[in-house]
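Here the sequence shown is numbered in the working numbering, starting from 5 and rising by one per residue.
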Amino acid sequence: MLSTVLLRASRSPFARRAVTSIPVTRKVVDRFVAGEDMDAAISAVRALKAQGLYATLDHLGEDTTSAAQAAGIRDSYVALLARLKAEGLADAAEVSVKLSALGQALPGGGEQLALDNARAVCVAAADAGTTVTLDMEDHTTIDSTLRVLKVLREDYPWVGAVLQSMLHRTEQDCRDLAYPGSRVRLVKGAYAEPASVAHQDKPEVDAAYERCLAILMAGGGYPMVASHDSRMIRAGRAAAQANGRTAGDHEFQMLYGIRQDEQLKAARAGERMRVYVPFGTDWYGYFMRRLAERPANVAFFLRALIGR
Ligand code: FDA
Numbered sequence: 005m006l007s008t009v010l011l012r013a014s015r016s017p018f019a020r021r022a023v024t025s026i027p028v029t030r031k032v033v034d035r036f037v038a039g040e041d042m043d044a045a046i047s048a049v050r051a052l053k054a055q056g057l058y059a060t061l062d063h064l065g066e067d068t069t070s071a072a073q074a075a076g077i078r079d080s081y082v083a084l085l086a087r088l089k090a091e092g093l094a095d096a097a098e099v100s101v102k103l104s105a106l107g108q109a110l111p112g113g114g115e116q117l118a119l120d121n122a123r124a125v126c127v128a129a130a131d132a133g134t135t136v137t138l139d140m141e142d143h144t145t146i147d148s149t150l151r152v153l154k155v156l157r158e159d160y161p162w163v164g165a166v167l168q169s170m171l172h173r174t175e176q177d178c179r180d181l182a183y184p185g186s187r188v189r190l191v192k193g194a195y196a197e198p199a200s201v202a203h204q205d206k207p208e209v210d211a212a213y214e215r216c217l218a219i220l221m222a223g224g225g226y227p228m229v230a231s232h233d234s235r236m237i238r239a240g241r242a243a244a245q246a247n248g249r250t251a252g253d254h255e256f257q258m259l260y261g262i263r264q265d266e267q268l269k270a271a272r273a274g275e276r277m278r279v280y281v282p283f284g285t286d287w288y289g290y291f292m293r294r295l296a297e298r299p300a301n302v303a304f305f306l307r308a309l310i311g312r
């Protein structure tokens, strides 16, 4: 219930104005977001690398409303990738991109615009020697995102995609994408989705996650197990082992600021652990989805509000 309210609020301009105008919000946001600019993102990657962790960088932004805004986000990804290369960090970091930030939802050719912008990001990633993963947004965008993925992979076969176990369609999408060279980040799904397209109860989402894991691990691609849930992580390890996989042919991923102890433990045990590092000023939607995932985060926010 609370999580549905928070997810609805994440799309509301009124709630956005209210939440972002509260001065202490920033302090709570800092737990989940590396900082506002590229320097902060680079520092976060350097710190993670020093601890044996990998990163995927997300320049925060979604629901772009103009081609100029989309071009700005594209250019900042291109600059970020050049910076990773210049600083010798491209072996430890890739980028995650939301197609809605690159113009996907704009009327009259948004998908083509997002494809063109994503292609420019891929050119920069290829030059830096790293990869790009397409984030997955609400279910109405999935066919479009998978079409863009298919076209990008013709020239850049290392482009990855996210699949969300909460959606009924995802087991089939996993089968379709479990081919050699295909990078798939499996998540539970962070958007409020109707019962017509998505499992509504956590046990069903979890069971679907395990079925999807089994498909991806048995396939020929590179599965990325993105979850903070110990049960899913154990299932990922078991499925990797059952399919004779070793540390270099799959990885685990978590979000910046969540379960850092587990992130380090996995890296120290020789697993590849990648941290999703968001940065930028447009943190509202991302922050609200993190609050929705965990009531304790809301309590943390409320305690900060009343100064305790
Ligand atoms: P679950 O929500 O069941 O949490 C299990 C445990 O993890 C909790 O009990 C708690 O201990 C801890 N935990 C989880 N969330 C927490 C939080 N916010 N704060 C503190 N502790 C928390 N979604 C999407 O729809 N599209 C996408 O592209 C992506 N991309 C993505 C990349 C990566 C690397 C990750 C890790 C996640 C995403 N997600 C995503 C988000 C994902 O769909 C999901 O909402 C969250 O990962 C939470 O689900 P868990 O699998 O962690 O399990």
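Cβ coordinates follow ideal geometry from the N, Cα and C atoms, glycine included.
If you're wondering where the values come from, they're calculated on a predicted model, not measured in any experiment.
Just verifying my parser: in three-state terms, what is the DSSP assignment at residue i?
i    : result
Q204 : coil
S47  : helix
R157 : helix
F305 : helix
V9   : helix
T144 : helix
V33  : helix
T250 : coil
T149 : helix
V28  : coil
A182 : coil
G223 : coil
A196 : coil
I262 : coil
T285 : coil
A211 : helix
G274 : coil
R235 : helix
G39  : coil
R3   : For the chain, the structure presents residues 5 to 312; residue 3 sits outside this window and is missing.
R21  : helix
R173 : coil
R241 : helix
R293 : helix
If you draw a straight line from the alpha carbon of residue i to that of residue j, how long is it in whole angstroms?
i    : j    : result
G252 : A122 : 27 Å
K154 : A130 : 17 Å
W287 : D34  : 10 Å
I219 : G185 : 15 Å
A165 : R241 : 21 Å
I237 : S169 : 14 Å
V99  : F18  : 30 Å
F304 : R78  : 34 Å
I146 : N301 : 28 Å
C126 : V163 : 8 Å
A48  : T8   : 31 Å
Q55  : R20  : 35 Å
R189 : P227 : 6 Å
L156 : L306 : 43 Å
A44  : Y81  : 14 Å
A212 : K192 : 9 Å
A72  : L103 : 14 Å
S70  : L64  : 16 Å
D62  : F283 : 6 Å
E141 : A90  : 31 Å
V209 : Q267 : 23 Å
S14  : R293 : 7 Å
T68  : A246 : 43 Å
A38  : M258 : 14 Å
T137 : S25  : 32 Å
M277 : L84  : 21 Å
L57  : A222 : 25 Å
A124 : A97  : 18 Å
A109 : D180 : 25 Å
P198 : G92  : 44 Å
D139 : V152 : 12 Å
C216 : K206 : 15 Å
E275 : T135 : 19 Å
K53  : R263 : 17 Å
D233 : A202 : 19 Å
A308 : V28  : 7 Å
Looking only at DSSP bridge pairs, what is residue i linked to?
i    : result
V191 : Q168
A230 : Q257
A59  : A97, V279
V163 : Answer is none; V163 lacks a bridge partner.
T137 : S100, G164
Measuring only between beta-carbons, confirm whether residue i sits less than 8 Å from chain B.
i    : result
D159 : Absent here is chain B; the protein component of the structure consists of one chain.
**Asked** For the stretch 62 to 91, which segments carrying the alpha helix (DSSP H) assignment without a break, of at least 4 residues, lie completely within its bounds, in sequence order?
**Response** 71 to 90
Residue ranges of each beta strand (DSSP E) run of no fewer than 3 residues wholly in the stretch 89 to 122, ordered along the chain?
97 to 101
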